[in-house]
Amino acid sequence: MKDESRLRDQVPPPTFDVEEESEEARWERQGREKPEKFQTTAQEVGFIFAVIMAQLMSEFYVSGFIVLIPTLATELDIPPESTTWPAGAFSLVVSTFLLPLGRIADMYGAYPVYVGGIAWTVIWSIVAGFSTNEIMLDVCRAFQGFGPAAFLPASMALLGSIYRPGPRKNLVFSIYGAMAPLGFFAGIFFAGISAQFANWRWYFWIGAIISAFSGLAGLLTIPSDIAERRAMNVKMDWLGTFTISVGIVLVVFALTGSSGAPHEWATDYIIATMVIGVVFLGLSVYVEGWVAEAPLLPPELFKIKYMKPLVLALLLTYGGCGIYLLYATNYMSEIMSGTPMQLVAWWSPAAVGGCIIATVGGFVLHLLPGTILIGIASIAWIIAPLLFALVPVGGQNFWPWVFPAMVCCTIGIDITFNVTNIFITTSLPTRQQGLAGALINSLLQLGIAVALGIADITVSQTADQGVAQKYKNAFWLEVGLAGAALVVFLGFVKVDKAKSQATADEKMQQT
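Using my numbering, the letters of the sequence shown map in sequence onto residues -1 to 509.
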């Protein structure tokens, strides 16, 4: 009996044969596991911190600067008609160079492009803090824009190439998306403190310090993809880069500068830049479709099912987002007489909501169809500007009007950003993850730039109706954009659950 008991104790436990694992079960398991490129959990946590901070810092440098404009105009003697240039120069450079720098990330590696972009941002943020006049500030803001143009597509490429489709990727992308409202809040917070209690220069220097910590974390934890990317033999499209960049710069310049031009749209240089810009964009279509050996926007990108209407809907959605972020800040500052620190408090629901949605979203994106989630987000995007368009002037308006608008704002941007980012990055192979990141951020930046140009025209043309009403007109414009986006999303786009599945590379190997 003792021998039999001893033999039973020596029988090894049943083992799990990976070869007998079904394909779906393997995808599900791999979609939850720590990626193989990370040696430890600590490395993965450091990597996530570094990458999500890219999203936070890009919003930090936009929102905070809006709060600083009145202070900068006074201290640097910037005339009212010129205050849009230092703000616009940053966004214009970012939107123009996202695609070419995304291609460079695909060619040479997202790791060096990310670290280089962060280092560039740190340098020009420090220099911007020493600005002594408008021209120096404009130049610093323009050069500062090259940093996010590099690290935004690189960060998205790193996330898209390292994480497989599945719950783990959903959670990380949700955290990444939450950094948009959190970064917007952080920018307003530090700009408000700097303007009200210290010196405006500290806004730039604080940004440099935060960026430096992000870059250091990335330098130590991001797995190098240099050899892998070089082996893919991705090439640059220089002619496409030239035609697209020139076209975007001139068209956006005409849109944003028309309202402040001497004769508005009848001004000679506005007409000239718009016409030349449209011609260059037309040339870029020809170059990308029939000339370029490796186009920045390859035709197969738009052959992905639902991609064309998705691009249109995102341009409308992100355009409305830009209008809301700027004019909600202006309305609360000028009409509600909010101080910089009051703006911080009034924007806090959006930041808190973003963190909550990130936490919840990471656990439900693989359970609910993306179409339903996008529908909810689109309706929220209609409600947010509608509340500002209808809010009565005067009185205590935060809790009944502003608070629910802020909640709807974060629901709209976070859910849309997360669902569509996962869809786009999952649809493209590893060699095009830089393109995925560039496309996502180009849609965001271009949508904002063009919509703000149209909103600026709307506001200037209705200035005789009073300050409050002209801002409300901008919100009505956003309601229209959000409504159009809802129609396109629900009528022409279908996004399934963000479940564990084969990667785009694996699907290509199976065909």
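The C-beta atom is built at its ideal place from N, Cα and C for all residues, glycine as well.
Residue i, buried or exposed, once every other Cβ within 10 Å from all chains shown has been counted against 16
| i | result |
| --- | --- |
| R228 | exposed |
| D454 | buried |
| W263 | exposed |
| Q463 | exposed |
| N395 | buried |
| S172 | buried |
| V417 | buried |
| W397 | exposed |
| V273 | exposed |
| R24 | exposed |
| M51 | buried |
| Q499 | buried |
| Q508 | exposed |
| I413 | buried |
| F361 | exposed |
| K0 | A caution first: K0 carries a pLDDT of 47, below 50, which makes its placement in the model unreliable, though a value can still be read off. Counting Cβ neighbours within 10 Å, K0 comes out exposed, since fewer than 16 surround it. |
| T501 | buried |
| D266 | exposed |
| G205 | buried |
| S335 | exposed |
| K32 | exposed |
| V358 | exposed |
| K505 | exposed |
| A184 | buried |
| V391 | exposed |
C-beta contact flag for residue i and residue j at 9 Å
| i | j | result |
| --- | --- | --- |
| V249 | L441 | no |
| A480 | T315 | yes |
| Q431 | T337 | no |
| I186 | I64 | yes |
| I242 | L97 | yes |
| F278 | V244 | yes |
| A348 | P179 | yes |
| M339 | M234 | no |
| S129 | L218 | no |
| I160 | K306 | no |
| G86 | F202 | no |
| V49 | S153 | yes |
| S209 | F47 | no |
| F510 | L156 | No information on residue 510 is available, as it lies outside the stretch -1 to 509 that the chain covers here. |
| M230 | G352 | no |
| D136 | W198 | no |
| A189 | L66 | yes |
| G468 | A461 | For clarity, residue 468 is Lys in the given sequence; the question names Gly instead. Yes; because the gap between Cβ atoms is below 9 Å, this pair is in contact. |
6 Å CB neighbourhood of residue i in its chain, flanking five on each side removed
| i | result |
| --- | --- |
| A270 | none |
| V125 | C138 |
| A71 | T81 |
| K495 | H364 and P367 |
| G275 | G245, L248 and V249 |
| P92 | The sequence shown places Val at residue 92, rather than the Pro named in the question. Around V92: G143, P146, A147 and Q443. |
| F510 | Look at the range of the chain in this structure, -1 to 509, and you will see that residue 510 is not part of it. |
| G175 | D412, F415 and N416 |
| P296 | none |
| A103 | V111, P151, A152, A155 and G432 |
| G107 | D223, I224 and R227 |
| L281 | T241 |
9 Å Cβ cutoff, residue i in contact with chain B
| i | result |
| --- | --- |
| P296 | In summary, chain B is missing from the structure at hand, where a single protein chain is found. |
Same chain, Cβ closer than 7 Å to residue i, five either side skipped, listed in chain order
| i | result |
| --- | --- |
| V289 | L237 |
| G451 | V250, L253 and T254 |
| Q41 | T219 |
| I446 | S89, Y316, G317, C319 and G320 |
| F141 | W122 |
| V389 | N395 and W399 |
| T39 | K32 |
| L324 | I64 and L450 |
| E421 | It should be pointed out that residue 421 corresponds to Phe in this sequence rather than to Glu. The answer, listed in chain order, is G368 and V493. |
| I587 | With the chain running from -1 to 509 in the structure shown, residue 587 is simply not present. |
Cut-off 8 Å between Cβ atoms - residues of its own chain near residue i, not counting five sequence neighbours on either side
| i | result |
| --- | --- |
| G373 | L484, F487 and L488 |
| G181 | Q53, L54, M55, S56, E57, F58 and S61 |
| P293 | D235, G238, V285, E286 and G287 |
| L5 | Residue placement at L5 cannot be trusted, given a pLDDT of 45 that sits under 50; what the coordinates show is reported in the next sentence. So the list is empty, once near-sequence residues are dropped. |
Any non-hydrogen atom of the ligand ADP closer than 8 Å to residue i Cβ
| i | result |
| --- | --- |
| I133 | The ligand ADP is not part of this structure, which contains no ligands at all. |
At least 3 beta-carbon pairs within less than 8 Å: the region 382 to 390 vs the region 214 to 233: no
Is the region 326 to 333 in contact with the region 425 to 441, if contact means three or more CB pairs nearer than 8 Å? no
Quick check: the region 113 to 124 against the region 158 to 171, are at least 3 beta-carbon pairs closer than 8 Å? no
Complete runs of the alpha helix (DSSP H) confined to the region 417 to 448 [at least 4 residues]: none
Can you list, in chain order, the stretches of the alpha helix (DSSP H) that have 4 or more residues and sit fully within the region 154 to 221? 165 to 195 and 199 to 219
Write down every uninterrupted run of the alpha helix (DSSP H) in the region 77 to 134 whose length is 4 residues or greater and which is fully enclosed by it, in chain order. 82 to 106 and 108 to 126
Suppose only complete runs of 4+ residues qualify. What are the alpha helix (DSSP H) ranges in the region 456 to 485, listed by chain order? none
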